[in-house]
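Residue numbers (our numbering): 521 to 604. Worksheet: one structure, shown below.
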């Protein structure tokens with residue numbers, strides 16, 4: 521591999537095996553769910569200093585077409601502060 525990141529760890533297996541692994545490089549973005557799936561989430565992680573990371577998570581659920589959905593005037597927002 522000329523460029524990129526090579527991730528490996530020893531698990532004591534009889535023979536070597538390659539598998540996909542998500543290596544984190546900051547700022548880091550990730551998304552779960554996909555087209556047509558009920559649950560969707562988008563996360564952003566940005567380092568603040570050597571020991572802290574700013575983490576933003578947008579999550580939502582897609583209602584199936586058969587389920588009536590009421591119009592909302594505002595979007596709910598939850599804020600959490602982690603204190604050591």
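Note that beta-carbon positions come from the ideal geometry of N, C-alpha and C, so glycine has one too. This one's a predicted model, so the numbers in the text were calculated from it and none came from an experiment.
Please classify residue 579: does DSSP put it in a helix, a strand, or coil? strand
Which partner residues of residue 548 appear in the DSSP bridge assignment? 565
Measuring CB to CB, does residue 560 end up less than 9 Å from residue 580? yes
In whole angstroms, give me the CA-to-CA distance for residue 577 and residue 570. 21 Å
For residue 559, the residue or residues it bridges with in DSSP: 581
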